[in-house]
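Take a look at the structure set out below.
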Amino acid sequence: MNNSAIPAVQAADPPTRRRLPRNASLIIGLVLTGIFLLVALASFFYLPSNPNVPDIRHRLLPAGAPGHWLGTDVLGRDIVAQLMVGARTSILVGAGGATLSLLFGTITGLAAAAAGKLTDETISRGADIMLSIPGMVTALVLAATLGSGALTTILALTAFFTPSFTRVIRSAAMGVLQEDFITAARLYGRGRIFVLARHVLPNIAGVMIVQFTLYFAAGILTEAGLSYLGVGVHRPSISWGMMLNEAQQQVGVSSPLAIWPGFAIVLLVLGLNLLGDGLRDVLDPKLSRRRG
Amino acid sequence: MQSRMRPIHRRIVRLMAAAAIVATALGGLDSLAQAASPRAAENKMILVARQDPGTLDFVKSNLTAMRLWIPANVVEPLVYFNKDGSVEPGVAESWTISDDKLTYVFKIRETTFSDGTPVTADDVVYSLKTMQGSPVVDYAAAYEAVKSIEKVDDHTVKVTLSRPSQNFWQGMGSISGLVQPQANAANIATKPIGTGPYKLVNYTTNSAFEFTANPTYWGAKPAIKDVTVRIITDGTAGLNALEASEVDALPVITIDLWEQLGKRELDKKYSLVTYPQVGEPTYAVLNQKLDKGLRETIARTFDRQSYNDAFGAAWGAENTCTFALPNQVWYEKESPESCPFPYDMEGATKTIAEKGYGSTPLEYASLSDVPDLSLPADIMVPSLQAAGLNVTRNAIDLARYSQLIFQGRPPQFDITVMSGDANPVQWACPDPSKAGWSTYCSAEYTKALADADVALTDQDYAAKMKQAADILRKDAVIIPLIAKKGVGLFDKDLKGFQEPRVAVAIELAKLHW
Numbered sequence: 001m002n003n004s005a006i007p008a009v010q011a012a013d014p015p016t017r018r019r020l021p022r023n024a025s026l027i028i029g030l031v032l033t034g035i036f037l038l039v040a041l042a043s044f045f046y047l048p049s050n051p052n053v054p055d056i057r058h059r060l061l062p063a064g065a066p067g068h069w070l071g072t073d074v075l076g077r078d079i080v081a082q083l084m085v086g087a088r089t090s091i092l093v094g095a096g097g098a099t100l101s102l103l104f105g106t107i108t109g110l111a112a113a114a115a116g117k118l119t120d121e122t123i124s125r126g127a128d129i130m131l132s133i134p135g136m137v138t139a140l141v142l143a144a145t146l147g148s149g150a151l152t153t154i155l156a157l158t159a160f161f162t163p164s165f166t167r168v169i170r171s172a173a174m175g176v177l178q179e180d181f182i183t184a185a186r187l188y189g190r191g192r193i194f195v196l197a198r199h200v201l202p203n204i205a206g207v208m209i210v211q212f213t214l215y216f217a218a219g220i221l222t223e224a225g226l227s228y229l230g231v232g233v234h235r236p237s238i239s240w241g242m243m244l245n246e247a248q249q250q251v252g253v254s255s256p257l258a259i260w261p262g263f264a265i266v267l268l269v270l271g272l273n274l275l276g277d278g279l280r281d282v283l284d285p286k287l288s289r290r291r292g
Numbered sequence: 293m294q295s296r297m298r299p300i301h302r303r304i305v306r307l308m309a310a311a312a313i314v315a316t317a318l319g320g321l322d323s324l325a326q327a328a329s330p331r332a333a334e335n336k337m338i339l340v341a342r343q344d345p346g347t348l349d350f351v352k353s354n355l356t357a358m359r360l361w362i363p364a365n366v367v368e369p370l371v372y373f374n375k376d377g378s379v380e381p382g383v384a385e386s387w388t389i390s391d392d393k394l395t396y397v398f399k400i401r402e403t404t405f406s407d408g409t410p411v412t413a414d415d416v417v418y419s420l421k422t423m424q425g426s427p428v429v430d431y432a433a434a435y436e437a438v439k440s441i442e443k444v445d446d447h448t449v450k451v452t453l454s455r456p457s458q459n460f461w462q463g464m465g466s467i468s469g470l471v472q473p474q475a476n477a478a479n480i481a482t483k484p485i486g487t488g489p490y491k492l493v494n495y496t497t498n499s500a501f502e503f504t505a506n507p508t509y510w511g512a513k514p515a516i517k518d519v520t521v522r523i524i525t526d527g528t529a530g531l532n533a534l535e536a537s538e539v540d541a542l543p544v545i546t547i548d549l550w551e552q553l554g555k556r557e558l559d560k561k562y563s564l565v566t567y568p569q570v571g572e573p574t575y576a577v578l579n580q581k582l583d584k585g586l587r588e589t590i591a592r593t594f595d596r597q598s599y600n601d602a603f604g605a606a607w608g609a610e611n612t613c614t615f616a617l618p619n620q621v622w623y624e625k626e627s628p629e630s631c632p633f634p635y636d637m638e639g640a641t642k643t644i645a646e647k648g649y650g651s652t653p654l655e656y657a658s659l660s661d662v663p664d665l666s667l668p669a670d671i672m673v674p675s676l677q678a679a680g681l682n683v684t685r686n687a688i689d690l691a692r693y694s695q696l697i698f699q700g701r702p703p704q705f706d707i708t709v710m711s712g713d714a715n716p717v718q719w720a721c722p723d724p725s726k727a728g729w730s731t732y733c734s735a736e737y738t739k740a741l742a743d744a745d746v747a748l749t750d751q752d753y754a755a756k757m758k759q760a761a762d763i764l765r766k767d768a769v770i771i772p773l774i775a776k777k778g779v780g781l782f783d784k785d786l787k788g789f790q791e792p793r794v795a796v797a798i799e800l801a802k803l804h805w
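Those protein sequences? They're chains A and B, same order as listed.
For the first sequence, our numbering assigns the number 1 to the initial residue and increments by one for each residue that follows.
For the second sequence, our numbering assigns the number 293 to the initial residue and increments by one for each residue that follows.
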């Protein structure tokens, strides 16, 4: 009896059943991102060794050396420990930049969508101007004026990503604002802020989440690029981009040193992109209906 | 069975033949790679520089990137000092020095500059007076004892000193003694002219220098007519260019690339030359205002062997506590006698705890974009912290470092590490209130240098310089760590490299295929 009931339940929810196998990207993305999040969290409680303390006698050990799974760098510092702390920095900076951009982008995007033509034009043209300035240049100028570091990188990412968030959220909010239930809410006497908070935001949450994951990944890449160029974080902080920068000097001596941080960046960015892709499939019913 | 084996045999034979062809082809490629440079037949050569000098104004710039190529090749000094101490004529054909070493008379050679204008005594007087007013302390220091520079006749110049000066005479064979035409003063930054074996044809910023043999050169014509110095800032890219036969030599290779030379066996494929002239000391600089006991304790945490080992090329660098290079007579290797504050972590930790130095906040300013200077910081900062000092690392790029450190007055740091010119005169400064980026101002040290300058014999000079070096060591402000050799890599067919005679200049005219 129990066995015969299962197909009945599955049949009752055909869209979800159809979407699940196609959401391999969501699952892989979740697993990859989850692993790196766990590694970053674990680094607060456990590290194989201090990633900043040199051990010259054990410099440039190969992967698999006793006590050093992935070997050591030019000063004998453990690669695994550095990757763990690097994960913390990459996630902190990427998430920090994406979160602040989401916050400011939501405020400006909703204001542009709901506060009238003048506000819309001002915010939209402002975003256009911001988008015409290459993000890396903004980051380099900020690093040169404020000094390099994780906070500067987060600020640079915020300045770089906010205009994109503004555009996407404005566009999504305008679509929702044209729906009949919004008109009904207004006729019912609801204020603009209430409508935006109660009716618009929940309906564009999917777009916001997807956008967040994609820019989280972009933030990690940008942070790695800045640190690689020497204007990101510096020791005693550690980032994967900084590890790449340090490994570059050793390419002719110990090539794997550059592979490990590169591999970590690729895997986490891939994980976040797959997660974003998968979330878009799940959270956007129109898209899944079209594909279905 | 036999009929089934034959095709297999045939396949094996074919595979072996193919392998032989591939091996032959690869062998051919290898031999091509080892063949003489394509420039040899054309009587040309291409060298690599890692830095762009920005300006070629040898009066105002002391950048190695300029001093490697312009002196001795394009612009010559009055005289040349050889490694054995002998002196050869340069722009001065002959000279006389009075017994009291206060009057120098130079007979100027009857020759022309590379633009065809004759060299006159007026040009020499102009050149020496221009150098006397140079903003570069090292260059102007040669003229401190100079009372007058006069033209005697069209080809004779007399220099009168107020006291004997070793610095003056040494300077006449170095940058301080370079001779240029007064008429070219406006073009010195982009196209300097001199009497040297080469003339500069073109200098493109961040790209290349192009030289061609000077047809009016007074000496033997250079063996190689056209020379290009290509600026490749990425050291590994420079080594790759050499391996691909795109260039013929890297005359100056910095310490961060030395380990690659061995690992890639480049030291076997090419001629590796080592010479001290282009070497540099790496040294820590402590803020002179810190308590002397604290400075001495900090010095005890410096593990020179670790810094040396970190580069993986101990063959090119020596541990030292003396601010000098091995070719300077007062140089001494690290030893209990020459190191007043040897590495002693245990002792340093104990002193820090006893004297309470851990409560003094210290800022370590480190360069983030210069590998051979950020690496010592990676070692030093954890050691200082482990000893119990309250050290914060301020990692900054070269642009900000230049503002903070080189222009900081009073010094804006407590500890930093530098690498540069080995001339001890740069630390001369009698008034501590004038301490700048170097932070070191000592009346005692400045007097010791002045005493050395007036020495009448080489032996006396060496003894006095040794005394000056002792003062520098014991004050624990400038703390030498390692002395790095100059290292170069040349195509095996490119012969004739000679150790620099005029500062760090690579003499192109001596090279030949």
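The beta-carbon is built from N, C-alpha and C at its ideal position, and this holds for glycine as well.
For residue i, does the three-state DSSP call read helix, strand or coil?
i                     : result
residue 58 (chain A)  : helix
residue 111 (chain A) : helix
residue 538 (chain B) : coil
residue 387 (chain B) : strand
residue 436 (chain B) : coil
residue 284 (chain A) : coil
residue 90 (chain A)  : helix
residue 658 (chain B) : strand
residue 72 (chain A)  : strand
residue 653 (chain B) : strand
residue 475 (chain B) : helix
residue 795 (chain B) : coil
residue 551 (chain B) : helix
residue 578 (chain B) : strand
residue 372 (chain B) : strand
residue 817 (chain B) : Past the edges of chain B, shown from 293 to 805, lies residue 817 (chain B), and the structure says nothing about it.
DSSP beta-bridge partners for residue i?
i                     : result
residue 804 (chain B) : B:787
residue 441 (chain B) : B:451
residue 142 (chain A) : Residue 142 (chain A) pairs with nothing; no bridge assigned.
residue 778 (chain B) : B:567
residue 410 (chain B) : B:404
residue 501 (chain B) : B:495 and B:521
residue 395 (chain B) : B:452
residue 705 (chain B) : In DSSP, residue 705 (chain B) forms no bridge with anything.
residue 65 (chain A)  : A:68
residue 772 (chain B) : B:575
Whole-angstrom Cβ separation of residue i and residue j, contact assumed at under 8 Å?
i                     : j                     : result
residue 716 (chain B) : residue 615 (chain B) : 6 Å
residue 74 (chain A)  : residue 59 (chain A)  : 6 Å
residue 367 (chain B) : residue 486 (chain B) : 3 Å
residue 546 (chain B) : residue 342 (chain B) : 7 Å
Where do the N-terminal and C-terminal ends of the beta strand (DSSP E) with residue i fall, by residue?
i                     : result
residue 674 (chain B) : First-last for residue 674 (chain B): 663-678, but that is the alpha helix (DSSP H), not the beta strand (DSSP E).
residue 599 (chain B) : Premise fails: residue 599 (chain B) lies in the alpha helix (DSSP H), 596-602, not in any beta strand (DSSP E).
residue 336 (chain B) : 336-341
Need the endpoints of the alpha helix (DSSP H) that residue i sits in, please.
i                     : result
residue 203 (chain A) : 201-228
residue 459 (chain B) : 458-463
residue 753 (chain B) : 750-767
residue 592 (chain B) : 584-592
residue 736 (chain B) : 735-745
Q.
Under 7 Å, CB to CB, which of the residues in the segment 545-578 of chain B have a partner in chain A?
A. If the cut-off is 7 Å between Cβ atoms, the segment 545-578 of chain B has 548, 551, 552, 555 and 556 near chain A.
Q | Contacting positions in the segment 81-97 of chain A - beta carbon closer than 9 Å to chain B | A | Here the close residues number zero.
(Q) Give me the subset of the segment 232-251 of chain A whose CB atoms are less than 7 Å from a CB atom of chain B, sorted by chain position. (A) So the list reads 234, 235, 236, 249 and 251, given in the order they occur along the chain.
Q.
Output needed in chain order: residues of the segment 203-215 of chain A with a Cβ under 9 Å from some Cβ in chain B.
A. Answer in chain order: no residues at all.
Q | Selection of the segment 34-56 of chain A by Cβ proximity to chain B, strictly under 9 Å | A | Of all residues in the segment 34-56 of chain A, only 50, 52, 53, 54 and 56 come within less than 9 Å of chain B when Cβ atoms are compared, listed by chain position.
(Q) For the segment 601-633 of chain B, list every residue whose C-beta sits within 9 Å of some C-beta in chain A, in sequence order. (A) Only 601, 602, 603 and 604 from the segment 601-633 of chain B bring a Cβ to less than 9 Å from some Cβ of chain A.
**Q.** Contact residues within the segment 68-80 of chain A, judged by C-beta distance below 7 Å to chain B
**A.** The segment 68-80 of chain A vs chain B, Cβ under 7 Å: 74 and 75.
Q.
Tell me which residues of the segment 251-283 of chain A have at least one Cβ-Cβ distance to chain B shorter than 9 Å, keeping chain order.
A. Here the close residues are 251, 252, 253 and 254.
(Q) Any C-beta of chain A within less than 8 Å: which residues of the segment 676-692 of chain B qualify? (A) For the segment 676-692 of chain B, the beta-carbon criterion of a distance under 8 Å to any beta-carbon of chain A is satisfied by 678, 685, 687, 688, 689, 691 and 692.
(Q) Any C-beta of chain A within less than 8 Å: which residues of the segment 494-523 of chain B qualify? (A) Per Cβ criterion, the list is empty.
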